[in-house]
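Those sequence lines, one after another, are chains S and P. If you want the numbering used here, it's the position in the first sequence, counting the first as 1, plus 1433. If you want the numbering used here, it's the position in the second sequence, counting the first as 1, plus 9. To start, the structure itself, in structure tokens.
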Amino acid sequence: MTAADRWVVGAALALVASLYVWSWGGSLGSDAGGSDAAAGVVAEVVVAGHPGETIDLGRDGEVEVQGRMGPSRLLVQDGRVRFTASPCRNKQCIRSGWLAHEGDFAACLPNGVAVEVLGPERGLDAINY
Amino acid sequence: MQARRPERIAGRQAPSAAVLLLGALVLTACGARPTPVHEFQFFAMGTLVEVTLANVENAPAQEARRAIEGLFRRAEGDWDAWRPGALARFNRRLAGGRPFAVDADLLPLLQGSSELSRRSHGLFDPAIGRLTELWGFHRDESRGRPPEPEAIAALMRRRPAMSDLRWNGREVQGTNPAVQIDLGAYAKGYAVDLAIAHLRGVRIANALVNAGGDLRAIGRRGERPWRIGIRRPRSAGVLATLELGEDESVLTSGDYERFFMYDGKRYHHILDPRTGYPAQGAMAATVISRGAAEGDAAATALVVAGPSEWQAVAHDMGIAQAMLIDGLGRIHLTEALRPRLRFTIDPERGIPMDMDPKP
């Protein structure tokens, strides 16, 4: 295992752990509910080097994911998600603003982090851009 | 929805085995056997690559996954002018001015892109690598300010163009040292085409390969056609959706993919080979074609062509289905594409223009 391998595995574990705590922490045994508008709407977060994870947009909170350059932060609020911080220079990911509808997509390509809203509405298989 | 993204559903509920089991029961209870769909993603060629395979068992799907990721990894090393690979070596030898034999792997990309450049009236021109470099668009992170006008003018006086490559069979000779080949507007589409060819070769007939929005689909997604959303320029949302035929590619080029703002003005990566500056007059062009490589080149050419010339260029490149969004946000469509798109906004009114992103 090279240093890079260890780093990627470490980043993957950190992502899973943060998603676990964020998704399930504090709501065990109670129905945390969340916004009705966002019921069933999830966003997929892809980080370079490991498979996509989905996050529930019905639960407000913050997620930090480790990309290639460093941490990117995502904020979930009122059934929407957006980048709030990323170590890139141009901040196009943050400028993309809120993602709320199926197919909405933003990425920090320098950092290797992408977020896409999935949903049952139109059943899109891919977004062309 | 359960049938749509089974792998993702499982991933989301992974914390509890009981939930997984329940999920499996619910899936079973849906009645009809759900289409086995495999999705995987990876970052390559500076973008996110997503592959979806339908009606494929697990073992061949995993094999295809390894093969396609390997293909994109080789492509990103070999076809990027700014990495130490085949294209960088090609550019060095081209600058030397002596005839040389081109690598067999690189040859079809260079010949294919030369032909498309000619048909595009020179508006798609991979020979302007030095210009791309001058503007800093060859890097993930742009330089944040335009180059000196004198530097652009000096380069433009040397008129680098694909027609400066003198071909003799598979031998080529550079006749203009200002030429540096940049396949950025072609190689991703070409890699998508290779991935689709590989899948066909291993008898996977229903697949979608999407490399940062450059996509090609074959077959169907189970009982229905593949459904695509076209992103609204300069926003995160969807402008229109369409269903694809048995083998079609959808390619968009836009001024929002790679750009920087300087002094309140947008400088984007689609450079006009005639002026040396970012193309004016169009913010995006979408093309539907058979192959992704030709669509990639055509979408770039149409943005450069702008509202006055785009239809003529599309015609000469053999593209019947195309959409152009001009600099004012107005939507122009070819008659062949119009009935296929379902817009999320009123296409007659165009897209709102208050959307230039603010930090």
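Note that CB positions come from ideal geometry on N, CA and C, so glycine has one too. Bear in mind the structure is a predicted one, so any value in this text is a computation, not a measurement.
For residue i, three-class secondary structure by DSSP
| i | result |
| --- | --- |
| phenylalanine 81 of chain P | helix |
| arginine 148 of chain P | coil |
| aspartate 377 of chain P | Examination of residue 377 of chain P is not possible in this model, given that chain P is present from 10 through 368 alone. |
| isoleucine 279 of chain P | coil |
| isoleucine 237 of chain P | strand |
| threonine 284 of chain P | coil |
| alanine 345 of chain P | coil |
| serine 262 of chain P | strand |
| isoleucine 205 of chain P | helix |
| cysteine 1526 of chain S | helix |
| tyrosine 1562 of chain S | coil |
| methionine 52 of chain P | Here the sequence assigns phenylalanine to residue 52 of chain P, which means methionine is not the residue at that position. Of the three classes helix, strand and coil, the one that applies to phenylalanine 52 of chain P here is strand, per DSSP. |
| arginine 1513 of chain S | strand |
| tyrosine 195 of chain P | coil |
| glutamine 71 of chain P | helix |
| proline 117 of chain P | helix |
| proline 24 of chain P | A caution first: proline 24 of chain P carries a pLDDT of 42, below 50, which makes its placement in the model too unreliable to give a value. |
| arginine 166 of chain P | helix |
| valine 312 of chain P | helix |
| aspartate 1438 of chain S | helix |
| methionine 171 of chain P | helix |
| glycine 1426 of chain S | The shown model of chain S, from 1434 to 1562, leaves out residue 1426 of chain S, and the question about it has no answer. |
| glutamine 289 of chain P | coil |
| glutamate 1549 of chain S | strand |
| alanine 1481 of chain S | coil |
Within chain S, the residues that residue i reaches when beta carbons sit closer than 8 Å
| i | result |
| --- | --- |
| arginine 230 of chain P | Asp1558 |
| valine 312 of chain P | The contacting residues do not exist; valine 312 of chain P stays about 13 Å from chain S at best. |
Closest Cα partner of residue i within the set the options
| i | options | result |
| --- | --- | --- |
| leucine 1557 of chain S | P:Trp235, P:Gly131, P:Glu124 and P:Val211 | P:Trp235 |
| arginine 128 of chain P | P:Arg98, P:Ala307 and P:Asp223 | P:Ala307 |
| histidine 324 of chain P | P:Ser122, P:Ile297 and P:Arg339 | P:Ile297 |
| alanine 1547 of chain S | P:Ile354, P:Val218, P:Gly55 and P:Leu251 | P:Gly55 |
| proline 156 of chain P | P:Ser122, P:Ile205, P:Met292 and P:Tyr276 | P:Tyr276 |
| leucine 1508 of chain S | S:Arg1501, S:Gly1491, S:Cys1521 and S:Arg1439 | S:Gly1491 |
| glycine 138 of chain P | P:Arg229, P:His278, P:His47 and P:Val259 | P:His278 |
| lysine 1524 of chain S | P:Ser151, P:Thr61 and P:Glu257 | P:Ser151 |
| arginine 358 of chain P | P:His341, P:Asp89 and P:Asn185 | P:His341 |
| isoleucine 428 of chain P | P:Gln320, P:Ala249 and P:Arg75 | For residue 428 of chain P there is no data in the structure shown, the boundaries of chain P being 10 and 368. |
| tyrosine 1562 of chain S | P:Gly238, P:Glu255 and P:Val313 | P:Gly238 |
| methionine 1502 of chain S | S:Ser1519, S:Leu1532 and S:Ile1527 | S:Ser1519 |
| threonine 1487 of chain S | S:Ala1559, S:Glu1549 and S:Ile1560 | S:Glu1549 |
| alanine 329 of chain P | P:Gln320, P:Leu337 and P:Phe49 | P:Gln320 |
Burial state of residue i, where buried means 16 or more other Cβ atoms lie within 10 Å
| i | result |
| --- | --- |
| asparagine 100 of chain P | buried |
| isoleucine 271 of chain P | Note that residue 271 of chain P is tyrosine in the sequence shown here, rather than isoleucine. With fewer than 16 other Cβ atoms within 10 Å, it is exposed. |
| arginine 240 of chain P | buried |
| methionine 362 of chain P | exposed |
| lysine 197 of chain P | buried |
| aspartate 1438 of chain S | exposed |
| glycine 228 of chain P | buried |
| threonine 309 of chain P | buried |
| threonine 61 of chain P | buried |
| arginine 347 of chain P | exposed |
| tyrosine 1453 of chain S | Any reading at tyrosine 1453 of chain S must be qualified, since the residue scores a pLDDT of 48, below 50, and its modelled position is unreliable; the value itself is stated next. So tyrosine 1453 of chain S ends up on the exposed side. |
Proximal residues of chain S, C-beta to C-beta of residue i below 7 Å
| i | result |
| --- | --- |
| glutamine 50 of chain P | Val1479 and Gly1485 |
| phenylalanine 269 of chain P | Asn1523 |
Residue i: contacting residues in chain P (beta-carbon distance under 9 Å)
| i | result |
| --- | --- |
| cysteine 1521 of chain S | Asp149 and Glu150 |
Contacts that residue i makes with chain P (C-beta to C-beta distance below 7 Å)
| i | result |
| --- | --- |
| proline 1543 of chain S | Asp149 and Glu150 |
| aspartate 1537 of chain S | Ala245 and Gly246 |
| alanine 1432 of chain S | Outside the shown range of chain S (1434 to 1562) lies residue 1432 of chain S, about which nothing can therefore be said. |
| alanine 1547 of chain S | Leu57 |
| leucine 1532 of chain S | Ala245 |
Assumed close pair residue i, residue j - CB separation to whole angstroms, cut-off 8 Å
| i | j | result |
| --- | --- | --- |
| proline 108 of chain P | glutamine 189 of chain P | Rounded, the Cβ-Cβ distance is 18 Å, inconsistent with contact. |
| serine 176 of chain P | leucine 280 of chain P | The question names serine, but residue 176 of chain P in the sequence shown is tryptophan. The pair is not a contact, with the Cβ atoms about 24 Å apart (cut-off 8 Å). |
| glutamate 72 of chain P | proline 45 of chain P | With a Cβ gap of about 15 Å, glutamate 72 of chain P and proline 45 of chain P do not count as contacting. |
beta-carbon residue i near the ligand ZN non-hydrogen atom, thresh 7 Å
| i | result |
| --- | --- |
| methionine 270 of chain P | You won't find the ligand ZN in this model; it holds no ligand whatsoever. |
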